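The block underneath contains the structure these notes are about, expressed in structure tokens.
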């Protein structure tokens, strides 16, 4: 693999990824291309479909920056079998280009499982990292964010995996959000040291001796409370909490709709309430913050929500550029020897 | 243990349990006593403190229905050691009376861990039940409820435990909410059968062959969506999801406060929004529904939230009476042989 990097960040956007592909991905990529002039944005996917969007939306994009891929991994495809079966898919071709050093970062709102499996397989883990992690940012009560890793549904975790998640997340938060020594909590069912599973008890000891800013166990309510900067958990729990969190807004909307349906006065009140509620929750909109980074690999890979808007795609590209400019992969490599590893 | 039951339900309320004890517990018990005339309500705790509340609040309560207990298990006490050390605590004395057949149900808003440990130890598991469970009701988008078990933080679960949770919850929902053959989903990180841990994969097979109305795996977003009547999970995950859910309201309030603080107009808008938001969320208030039942024991034990209001206490008593009137313990016993057990 060619480790040479251009000074400017070269980002490949998966044109075929997401529920509104190729439209949203193409529009987002074109916007990123015109706004972030120091970077090179590429689109990978079915050329004719990409060109259709450009034409319909009246957008201009350098044709030479379209990378051909004839297949599409659908949102419903099985991750592992589809990356084997669809060698000419936008995800596989895009990551192949990253692997060959032709670009620095891959961004996709496509099939999360396929993106993470293909990224791990093709980009490879950073030496010393036992398992990569998907880190998500949850809004919290303080107006800031609580990072949670792993939300990637990697199961059968070992204490060493959770330590790796903590190291990777700490470096990420420190570099991207300029927060020195971010605090790390271990998600558990009680604050006491011996609580929970063997996994959590053993991870507690590893984190305690890691040199990271580990503050101890935290509970489910500490995520929204913002008690710590980073919450570490096994991918099974993290994925369930993430999906549960994503269902809060539809749930509230449903309840408000039921309320509004009861009377005309209710309808008017609910109408007025909508504005401030939406504004208050603005910062919690994942679109603003783009996708979730897959941390611990030899290159940058960012996975977006299936329903990503053009804005979300653009912000994912921006995040990729930041990670590249701050040389995060190198900083991850350096951190391995530093925290809790001998 | 005297298994004889009076026709009327005799409920012992822990006067010393909860953040606002003895006040809220005493007021709630007195209200229950006057409203549910067919039942006998008792209060267990420090007599002088109970009498003080009765006096201050100008309430009348039959003195002979106060059961003396000189000690209090504090909310912060370690569950297992406190039930051993404080033999004359309201929790231990209350449950002792249930064990001796002097009453039918115990209701407490005290230390959850101590209540569940003492209940399990003193009342004993129903024959054939491998582990009791705490089942919580989550409001859902349809305006109804999704039951989740286990939320009691029982760790190191085996497939058999999860099957027991499913049997107990199904009977409970069927009897208390008159829902025939309630649907059961297994909480997982994907819908596909082989997903998740060995525990979930094995539980899937047990549930599939149980005779219960098992519909397959569900994900974190299905709880608020109301995709199934009952969601079964390991107590570690369930407890984290429960605490996460409990933090949604403080989180939203915090965001609305931040919004209101930004300008006078925002303040006015947020003020108007408060009403409909509160009304829409009314049904989601746990106070209305009382506590969570501890299912699978030889008698009725209901645990309330530490911050239970008098209304919540009263509703816990009401739930206990319902469980008694519908002869739930007997129905649990009968269900053991019926579902997936040989």
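Protein chains in written order, with this note's numbering: chain A, 494 to 835; chain B, 494 to 835.
We put the beta carbon where it would ideally sit given N, CA and C, even for glycine.
What you are looking at is a predicted structure, and each value in this text was computed from that prediction instead of being measured.
Over what stretch of residues does the alpha helix (DSSP H) that includes residue i continue unbroken?
i, result
"residue 673 of chain B", "Neither: residue 673 of chain B is in no alpha helix (DSSP H) and is coded neither H nor E."
"residue 788 of chain A", "It is not in any alpha helix (DSSP H) - residue 788 of chain A instead sits in the beta strand (DSSP E) that spans 785 to 788."
"residue 638 of chain A", "Run containing residue 638 of chain A: none in the alpha helix (DSSP H); it sits in the beta strand (DSSP E), 638 to 642."
"residue 536 of chain B", "No alpha helix (DSSP H) holds residue 536 of chain B; the beta strand (DSSP E) holding it covers 533 to 538."
"residue 593 of chain B", "Here residue 593 of chain B belongs to no alpha helix (DSSP H), and DSSP marks it neither H nor E."
"residue 606 of chain B", "605 to 616"
"residue 701 of chain B", "691 to 701"
Skipping 5 residues on each side, what residues in its chain have a beta carbon closer than 8 angstroms to that of residue i?
i, result
"residue 664 of chain A", "821, 824, 825, 828"
"residue 672 of chain A", "666, 722"
"residue 694 of chain A", "686, 687, 688"
"residue 684 of chain A", "709, 710, 711, 712"
"residue 835 of chain B", "Legend: pLDDT at residue 835 of chain B = 44, less than 50; position of this residue unreliable, no value from coordinates given."
Can you tell me which of the three DSSP states residue i falls into?
i, result
"residue 498 of chain B", "Unreliable positioning characterises residue 498 of chain B in this predicted model, as indicated by a pLDDT of 45, which lies under 50. A coordinate reading is not provided."
"residue 744 of chain A", "helix"
"residue 515 of chain A", "coil"
"residue 521 of chain B", "helix"
"residue 824 of chain A", "helix"
"residue 766 of chain A", "helix"
"residue 632 of chain B", "strand"
"residue 793 of chain A", "strand"
"residue 561 of chain A", "strand"
"residue 682 of chain B", "coil"
"residue 624 of chain B", "coil"
"residue 734 of chain A", "helix"
"residue 677 of chain B", "strand"
"residue 582 of chain A", "strand"
"residue 553 of chain B", "coil"
"residue 529 of chain B", "coil"
"residue 760 of chain A", "helix"
"residue 714 of chain A", "coil"
"residue 729 of chain A", "helix"
"residue 774 of chain B", "coil"
"residue 619 of chain B", "coil"
"residue 646 of chain B", "coil"
"residue 831 of chain B", "helix"
"residue 798 of chain B", "coil"
"residue 468 of chain A", "Residue coverage of chain A in this structure runs from 494 to 835, which leaves residue 468 of chain A outside it and unanswerable."
"residue 651 of chain B", "coil"
Could you give the residue range of the beta strand (DSSP E) that holds residue i?
i, result
"residue 572 of chain A", "Run containing residue 572 of chain A: none in the beta strand (DSSP E); it sits in the alpha helix (DSSP H), 572 to 578."
"residue 503 of chain B", "503 to 507"
"residue 598 of chain A", "598 to 601"
"residue 568 of chain A", "No beta strand (DSSP E) holds residue 568 of chain A; DSSP gives it neither H nor E."
"residue 710 of chain A", "706 to 711"
"residue 724 of chain B", "723 to 725"
"residue 806 of chain A", "Residue 806 of chain A -> not in any beta strand (DSSP E); alpha helix (DSSP H) instead, spanning 803 to 818."
Spatial neighbours of residue i within its chain, please: CB distance less than 7 angstroms, with the 5 preceding and 5 following residues excluded, ordered by chain position.
i, result
"residue 818 of chain A", "502"
"residue 625 of chain B", "613, 618, 787, 788, 789, 790"
"residue 692 of chain B", "650, 652, 727"
"residue 585 of chain A", "576, 579, 611"
"residue 753 of chain B", "759, 760, 763"
"residue 550 of chain A", "520"
"residue 498 of chain B", "Unreliable placement is indicated for residue 498 of chain B, whose pLDDT of 45 sits below 50; no coordinate value is reported for it."
Mind reading off the beta-carbon distance from residue i to residue j? Whole number of angstroms is fine, and I expect it under 8 angstroms.
i, j, result
"residue 870 of chain A", "residue 629 of chain A", "Look at the range of chain A in this structure, 494 to 835, and you will see that residue 870 of chain A is not part of it."
"residue 598 of chain B", "residue 813 of chain B", "4 angstroms"
"residue 646 of chain A", "residue 682 of chain B", "4 angstroms"
"residue 743 of chain B", "residue 749 of chain A", "With 8 angstroms as the limit, residue 743 of chain B and residue 749 of chain A do not qualify as a contact, their Cβ atoms being about 19 angstroms apart."
"residue 539 of chain A", "residue 509 of chain A", "7 angstroms"
"residue 703 of chain B", "residue 659 of chain B", "7 angstroms"
"residue 715 of chain A", "residue 678 of chain A", "6 angstroms"
"residue 657 of chain A", "residue 731 of chain A", "Contact doesn't hold; Cβ gap of about 14 angstroms is too wide."
Between residue i and the rest of its own chain, which residues show a CB-CB distance below 6 angstroms, the 5 nearest in sequence each way excluded?
i, result
"residue 718 of chain B", "634"
"residue 809 of chain B", "600, 783, 784, 795, 797"
"residue 591 of chain B", "599, 792"
"residue 807 of chain A", "521, 524, 525"
At least one CB of chain D closer than 9 angstroms to the CB of residue i: is that the case?
i, result
"residue 766 of chain B", "The displayed structure is made up of protein chains A and B, and chain D is not among them."
Taking 8 angstroms as the cut-off, does the stretch 787 to 807 of chain B touch the stretch 783 to 794 of chain A (at least 3 CB pairs, one atom from each stretch)? These segments do not touch.
With three or more beta-carbon pairs closer than 8 angstroms as the criterion, would you say the stretch 726 to 743 of chain A touches the stretch 699 to 708 of chain A? By the Cβ test, the stretch 726 to 743 of chain A is not in contact with the stretch 699 to 708 of chain A, since fewer than three Cβ pairs between them sit closer than 8 angstroms.
Is it the case that the stretch 543 to 559 of chain A contacts the stretch 581 to 592 of chain A, given that we only count it when at least three CB pairs across the two stretches are under 8 angstroms? In the pairwise beta carbon analysis, the stretch 581 to 592 of chain A is classified as not touching the stretch 543 to 559 of chain A: fewer than three pairs are separated by under 8 angstroms.
Would you be able to state if there are at least three C-beta pairs under 8 angstroms between the stretch 568 to 575 of chain A and the stretch 594 to 608 of chain A? Contact between the stretch 594 to 608 of chain A and the stretch 568 to 575 of chain A is present, because at least three Cβ pairs lie under 8 angstroms.
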